[in-house]
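Read through the structure below, which is laid out as structure tokens, and then see the notes.
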Amino acid sequence: MSLTVGTSAVAERVASTISCAIEFAIKCRIKYNSRERCELLNVSFPDDFSKIKKDLCFGAGDAAINEAGELVRVYLNLNDPARFAIMRDAVHVALFPLLKGRRDIVVHDFEEGLKIILANNREIKHFHEQSPAGAEVGG
12 MSLTVGTSAV AERVASTISC AIEFAIKCRI KYNSRERCEL LNVSFPDDFS KIKKDLCFGA
72 GDAAINEAGE LVRVYLNLND PARFAIMRDA VHVALFPLLK GRRDIVVHDF EEGLKIILAN
132 NREIKHFHEQ SPAGAEVGG
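As structure tokens, then:
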């Protein structure tokens, strides 16, 4: 299956939606101040990218952490490995404005998606206090 020019535009739009969900999930995890649980986002895609409409639906919940400091775990369920790489990279790009200038949050890729990690397993309270100019994440 060849990738079309439209794939990139769809990936950017969908990644922006996923980035907003990740930002909200980070805020939720900080509010609940849990070191044992993380927010879980599960995004499923149709086999044909052109069938992705304006709105994107995905599942959300919480799960036990897999590594210290894990805030959010995102599963990107795509059947096409090439599109998976495009989608994961697009999410990284969409997250850049949220993470720009922050050293306390990092994004790790894993086999099925990506994880948002609180660097150095710092206290969540410390993370919240260190937000630029006292603003909330993304604020």
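Counting in the working numbering, the sequence shown runs from 12 upward without gaps.
For each residue, glycine too, the CB sits at the ideal point set by N, CA and C.
These figures come from a predicted structure and were not determined experimentally.
Per DSSP, what kind of secondary structure is residue i in: helix, strand or coil?
i: Ala79; result: coil
i: Ser45; result: coil
i: Thr15; result: Because Thr15 sits at a pLDDT of 47, beneath the cut-off of 50, its placement in the model cannot be relied upon, and the point is left open.
Could you spell out the range, first to last residue, of the beta strand (DSSP E) harbouring residue i?
i: Asp120; result: Ile116 to Phe121
i: Leu52; result: Arg48 to Ser55
i: Lys62; result: From DSSP, Lys62 is part of no beta strand (DSSP E); its letter is neither H nor E.
i: Lys111; result: From DSSP, Lys111 is part of no beta strand (DSSP E); its letter is neither H nor E.
Taking the alpha-carbon of residue i as reference, which of the options has the nearest alpha-carbon?
i: Phe56; options: Ala74, Val21 and Ile41; result: Val21
i: Arg114; options: Leu106, Asp100, Leu129 and Arg24; result: Leu129
i: His119; options: Ala93, Pro92, Tyr86 and Arg94; result: Tyr86
i: Arg24; options: Leu109, Ile76, Ile63 and Ala93; result: Ile63
i: Phe60; options: Ile97, Phe107, His103 and Gly124; result: Ile97
i: Ile116; options: Thr28, Ala79, Leu89 and Ile29; result: Ala79
i: Ser121; options: Ser30, Asn77 and Arg48; result: Before going further, note that residue 121 is Phe rather than Ser in the sequence given. The candidate whose alpha carbon is nearest that of Phe121 is Asn77.
i: Ile37; options: Arg99, Glu81, Glu47 and Gly70; result: Glu81
Could you spell out where the alpha helix (DSSP H) holding residue i opens and where it closes?
i: Leu89; result: First-last for Leu89: undefined, no H or E at that position.
Taking 9 Å as the cut-off, decide whether the C-beta atoms of residue i and residue j are in contact.
i: Lys111; j: Arg84; result: no
i: Asn53; j: Asn88; result: yes
i: Cys49; j: Ala75; result: yes
I'd like to confirm the pairing. Which residues does DSSP put opposite residue i in its beta bridges?
i: Asp73; result: Glu50
i: Ile127; result: Val83 and Val118
At a cut-off of 8 Å, would you count residue i as near the ligand MN, judging by its Cβ distance to the nearest heavy atom?
i: Val102; result: Questions concerning the ligand MN fall outside what the structure shown contains, since it holds no ligand whatsoever.
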